[in-house]
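Here's the structure we're looking at; comments come further down.
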Amino acid sequence: MKASLVSTLSIVLLFAASAVPVQAQYVLEDFAHSVKRDFKRNNCWPEPFVRPDRVSVRVPFALMVHAGWQQQNLLGLYHFKENGAELNEAGQLKVRSILAETPPHHRTIYLQRAISEEQTAARMETVQELVAKLSVNSETPSVVLSSAPASGWPADEVDAIGRKFQASAPQPRLPEAALGGEK
């Protein structure tokens, strides 16, 4: 009985011993792999995170630049004749300055929406015709609708205020006594 118990135990131990190293081998490989991975991560630590951090800092500035160019190239209500679709002189000059002075990658013309869709469509067509007529090379800038409000005043109001200011300015003169107490 003792011999059969010893032989049974030896068989069980043989099977157990043959199964344990395979499992231990996988555990040791996983451990070695994680140590190697962690070592590499620790030694190159800031590099994987530098680019996403830089991008996250630059994105708001890119959005601000885009909004600035949109405001700069926006044709508002003051660039059209009253209740019409035709560009006034200020609107035509604005389109010409956009085509001539704006860098090519920012040469998009933004059009403020009008009160009605029909008026917006008519204004869009007018601006596109003028852009096609004024474009020098085959690349015509696109005209895009915008819901951003146009800032500013009508040019004739600004001119009237400037003229009234200049008309009301006193004549330039020197003070009576340039030096301390002398007259």
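Just so we're aligned: 1205 in this note's numbering is position 29 of the sequence shown, and the numbers increase by one with no gaps anywhere. Beta carbons: idealized from backbone N, C-alpha and C, even for Gly. Keep in mind the model is a prediction, meaning the values are calculated, not measured.
According to DSSP, is residue i helix, strand or coil?
{"i": "S1322", "result": "strand"}
{"i": "L1350", "result": "coil"}
Measuring straight from C-alpha to C-alpha, what distance separates residue i and residue j?
{"i": "L1275", "j": "K1340", "result": "33 Å"}
{"i": "Q1246", "j": "A1326", "result": "10 Å"}
{"i": "P1224", "j": "K1216", "result": "11 Å"}
{"i": "I1291", "j": "A1298", "result": "12 Å"}
{"i": "P1222", "j": "P1228", "result": "11 Å"}
{"i": "V1196", "j": "D1214", "result": "At V1196, the pLDDT of 48 sits below 50, so the modelled position is not reliable and the matter cannot be decided from this model."}
{"i": "L1321", "j": "Y1286", "result": "6 Å"}
{"i": "D1206", "j": "V1226", "result": "29 Å"}
{"i": "G1338", "j": "K1257", "result": "22 Å"}
What span of residues does the alpha helix (DSSP H) with residue i cover, start to end?
{"i": "Q1247", "result": "E1223 to Q1248"}
{"i": "K1129", "result": "The structure shown does not extend to residue 1129, since the chain is modelled only from 1177 to 1359, so the question has no answer here."}
{"i": "V1271", "result": "E1265 to E1277"}
{"i": "A1336", "result": "A1331 to S1344"}
Considering only their Cβ atoms, is the gap separating residue j from residue i smaller than 9 Å?
{"i": "V1319", "j": "Q1295", "result": "no"}
{"i": "L1306", "j": "L1263", "result": "yes"}
{"i": "R1272", "j": "L1310", "result": "yes"}
{"i": "R1283", "j": "S1323", "result": "no"}
{"i": "A1243", "j": "Y1254", "result": "no"}
{"i": "A1308", "j": "T1302", "result": "no"}
{"i": "G1260", "j": "G1328", "result": "no"}
Terminal residues of the continuous beta strand (DSSP E) containing residue i?
{"i": "I1291", "result": "Per DSSP, I1291 belongs to no beta strand (DSSP E) and is neither H nor E."}
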